[in-house]
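Worksheet for the structure shown next.
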Amino acid sequence: TLSKRMRILASGIAGTASGSMLLSEQLYQSSHSLFKPILERPPPLPKADWSLLDTDSHTSGDLDKEAMESLRYAKVHIQVRDMMLERAYATMVLQDFYLRKINQALHKKEEKKGEKTDRRKILFSDGYGRHMTAEDFICVLEQDKRTRLEHNQQQARKQASRADTKAKKLKFENAWKDLRDNHKKCMDSWKVEVNTLKGLGKRGSDLPEKPPKLMLKANFAEQ
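Per this note's numbering, the sequence shown starts with residue 116, numbered consecutively.
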């Protein structure tokens, strides 16, 4: 039946890496490739002798034998061409799937872009013209103005927040660098002093105490 064939076709398509995308809800991406059409030519097969249709030019004794042989040739030709058509139709079905997926992705992109930029969909949502002085149209204009103002204010707040976060991060990194450099200087000075005193024969108890260990960066960030 037709439904059984469709299930078999869907099962076969879903079994491949590229074909499974066609049956999923996933949108088409540039990483997916379109099936290229396969242009086939019939193989060199013996051709049927259609001159046998003219019975006047053949003897009755050989006509049956030659006609049967020509029918076999014709049958092979029909089978080969049927297989070629089947493969061509299968390719067309897959290409149609791909075109549908591409159209969905394009529609999604246009729809997303239109939500942000196309004010005509807001002001003329029903697709018809409006009286610019009508009360309902003025209300729509005012609402659109408020919406755009809120959007701009929200964008400004986000931008200010990002700038503030960036400034705080830069300030923290500079402070951490200064702390790390000062600790390194203290350690270097301590090592020089210890080596000098050891060279003079000082005991371990007379050596200066080692500077405190540098705190972790995470702990410094919490201060």
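We treat Cβ as the ideally placed atom computed from N, Cα and C, and that holds for glycine.
DSSP three-state call for H298: helix, strand or coil? Here the question's residue 298 lines up with position 183 in the sequence shown. The answer is helix: DSSP assigns H298 an H, G or I state.
C-alpha distance - Q85 paired with E288, whole-angstrom precision: The structure shown does not extend to residue 85, since the chain spans only 116 to 338, so no value can be given for it.
Element boundaries [alpha helix (DSSP H), containing K332]: Within the sequence shown, residue 332 is the residue found at index 217, counting from 1. K332 to E337 is the extent of the alpha helix (DSSP H) around K332.
Since R295 and L256 are thought to touch, with beta carbons under 8 Å apart, how far apart are those beta carbons, to the nearest angstrom? Taking the first residue of the sequence shown as 1, we reach residue 295 at position 180. Taking the first residue of the sequence shown as 1, we reach residue 256 at position 141. Not really, about 58 Å apart at Cβ, beyond 8 Å.
Count the other C-beta atoms from every protein chain shown that fall within 10 angstroms of the C-beta of K313, then say buried if there are 16 or more, exposed otherwise. As a first step, residue 313 is located in the sequence shown; it is residue number 198 there, counting from the start. So K313 counts as exposed.
Would you grab the beta carbon distance between Y204 and K162 for me? Rounded to a whole angstrom, and I think it's under 8 Å. Here residue 204 is taken as the residue at index 89 of the sequence shown, counted from 1. Here residue 162 is taken as the residue at index 47 of the sequence shown, counted from 1. 25 Å between Cβ atoms; not a contact.
How big is the Cα-Cα spacing for P159 and R196? Locating residue 159 in the sequence shown gives position 44, where the first residue counts as 1. Locating residue 196 in the sequence shown gives position 81, where the first residue counts as 1. Their backbone Cα atoms lie some 12 Å apart in a straight line.
Please report the straight-line C-alpha distance between K216 and K223, rounded to a whole angstrom. On the sequence shown, residue 216 is found 101 positions in, with the first residue counted as 1. On the sequence shown, residue 223 is found 108 positions in, with the first residue counted as 1. Using only the alpha carbons, I get a separation of about 11 Å.
Give the secondary structure of G316 by DSSP, where H, G and I count as helix, E and B as strand, and everything else as coil. As a first step, residue 316 must be located in the sequence shown, where it is residue number 201. Here G316 sits in coil by DSSP.
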